[in-house]
Amino acid sequence: MPAFSDPSDADRAVQWPLPPGAGTEATAPGRRLRLGVMASGNGSNFEALVQASSSPLLPAQVVCLVVNNPGCGAKARAERLKIAVTCLDHRRFASRDNLDGALVDHFQAAAVDLVVMAGWMRIVTSRLISAYPERLVNIHPSLLPSFRGVDAVGQALAAGVSLSGCTAHLVSEEVDSGRILVQAAVPVLASDSHDALARRIQAQEHRILPLAVHLAAARLGLLHGQPQA
Ligand code: GAR
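Numbering (the working numbering), first residue to last: 98 to 326.
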């Protein structure tokens, strides 16, 4: 039986759908997608989006980050990367609806084309979803529809699956649902700890999230300088 040399190797990941010419489309000269990002924790997906921006894969600009935890790693990354960051601490809002209203106000003021939930650990409401129809992208550390909700990596380990992964999808009202944009598969090894599996899944998240944003924009005709819907 062949040994896995590197189970996180890109070639071992299964992705679909892969659009023809993915990564080769470009916006009209001078036009870059304006992205708003939401994060709660470490912010590695946020940083991956920033790094992918301006490359042929993702002709975009991350114009702002919103965090809900004042001390989170994502905020520190934004400061280092010189991306405007705002904290909307959920503890200061009376309801999810109020928090989402503040998010909408913030992103509308920043004139973003798309909003990316890059590790946003709050349930979002129709207030945000309806303000960005088909324009709200989430990344989740499982092959949806398996293992929705909290600690998807732990759920996968507990279930004993031999294949897990990550999913980038459009956000709908039901948690961790909505049209799947891109998935990557990651083998679960017998020796895997939670951290080890989570790390390999995150390496794939960093690859597929920029592609998913590109796909979401292409679906809306936001590339090639087409007018916004
Ligand atoms: C990511 O693994 C993401 O899939 C997960 O949080 C992590 C954030 O990591 N999101 C969810 O579980 C949402 N249901 P990061 O802060 O390093 O990007």
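Beta carbons: idealized from backbone N, C-alpha and C, even for Gly.
* Asked: How big is the Cα-Cα spacing for D248 and L233?
  -> Cα to Cα, D248 sits roughly 21 angstroms from L233.
- Own chain residues within Cβ distance below 8 angstroms of S137, not counting five before or after: Around S137: V164, N165, N166, C169, A171, G216, W217, M218, R219.
message: Could you tell me the alpha carbon to alpha carbon distance between T264 and R189, rounded to whole angstroms?
response: Cα to Cα, the separation comes out at about 31 angstroms.
P117, buried or exposed, once every other Cβ within 10 Å from all chains shown has been counted against 16
Here P117 scores only 45 on pLDDT, less than 50, and its place in the model is too uncertain to base an answer on.
Return helix, strand or coil for V212, following the three-state DSSP convention. Three-state DSSP puts V212 in a strand.
| query | Which two residues bound the contiguous beta strand (DSSP E) that contains L162? | reply | According to the DSSP assignment, L162 belongs to the beta strand (DSSP E) that extends over 157 to 164.
State the Cα-Cα distance for the pair A255 and V268, rounded to the nearest angstrom.
-> Rounded to whole angstroms, A255 to V268 spans 26 angstroms at the Cα level.
Given M214, which residues of its chain have a CB within under 6 angstroms of its CB, disregarding the five upstream and five downstream residues?
Once the five neighbours on either side are set aside, the close Cβ partners of M214 are M135, N235.
Just the C-alpha distance for L154 and R131, rounded to the nearest angstrom, thanks. Their Cα atoms are separated by approximately 15 angstroms.
Extent of the continuous beta strand (DSSP E) to which P284 belongs: Its beta strand (DSSP E) spans residues 277 to 284.
**Message:** What does the alpha-carbon distance come out to for the pair L196 and A228?
**Reply:** Between L196 and A228, the C-alpha separation is close to 13 angstroms.
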